[in-house]
Amino acid sequence: MINELRKWSLENEIEKKSIDGFWYCFNNYKNDDPQECREVFGEDFDESQLNIQLKNVALFIDRWDESKEYDAISYQFDYAVSYIPIEYKNKNLGVYRMLFKLNGESFDDFFGLD
Numbered sequence: 001m002i003n004e005l006r007k008w009s010l011e012n013e014i015e016k017k018s019i020d021g022f023w024y025c026f027n028n029y030k031n032d033d034p035q036e037c038r039e040v041f042g043e044d045f046d047e048s049q050l051n052i053q054l055k056n057v058a059l060f061i062d063r064w065d066e067s068k069e070y071d072a073i074s075y076q077f078d079y080a081v082s083y084i085p086i087e088y089k090n091k092n093l094g095v096y097r098m099l100f101k102l103n104g105e106s107f108d109d110f111f112g113l114d
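Its first residue numbered 1, the sequence shown is counted upward by one per residue in full-length UniProt numbering.
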C-alpha cells in the first residue's frame, strides 16, 4: 500500500503541486499581512533561510463508518494530504497542507503558523 501511495504521488506530481501551492500562499500572506509576516519572520527576512520540502503524504478514509455522524469536517470522499513543514532559520514555524482528490486534483490547502 505504501508503494502504491508513493507511485500515485509521483504520477500526480504531488510534491511539485504542494511546493508551488506553498509559495502561492506564502506570497499572498506576505502581501496581505506584511505586519504579521515581519513579526513571525523578522524585519530581516531572508527567503534563502526558508526551508520548504515535502515531508509526508497521507491517505485518508473520509468516513470509516457511513452510518455514524461525526462532528469533524467530512468531504464525503477519500483523499490524500501532503505536509510541508514551514522551517525558517532551523525553527519550525508551522505547516502547509494541501488536500488532493484521488485523481490528483488539489481541492483545498491550509497555511498554518504556530
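Quick reminder that beta carbons are idealized off the backbone N, C-alpha and C, glycines included.
What first and last residue would you give for the beta strand (DSSP E) that runs through residue i?
{"i": "L102", "result": "From DSSP, L102 is part of no beta strand (DSSP E); its letter is neither H nor E."}
On the three-state DSSP scale, how would you describe residue i?
{"i": "N92", "result": "strand"}
{"i": "S106", "result": "strand"}
{"i": "N27", "result": "helix"}
{"i": "G112", "result": "strand"}
Since residue i sits in a beta bridge, which residues does DSSP pair it with?
{"i": "V57", "result": "S82"}
Could you check the C-alpha separation between residue i and residue j for me, to the nearest Å?
{"i": "G21", "j": "L59", "result": "19 Å"}
{"i": "N51", "j": "D33", "result": "21 Å"}
{"i": "N31", "j": "D65", "result": "43 Å"}
{"i": "V57", "j": "Q35", "result": "32 Å"}
Could you tell me how far apart the beta carbons of residue i and residue j are, in whole angstroms, since I believe they sit closer than 8 Å?
{"i": "D109", "j": "Y96", "result": "7 Å"}
Could you give the first and the last residue of the continuous alpha helix (DSSP H) run that contains residue i?
{"i": "S9", "result": "2-11"}
{"i": "residue 130", "result": "The displayed coordinates of the chain run from 1 to 114. Any statement about residue 130 would go beyond what the structure contains."}
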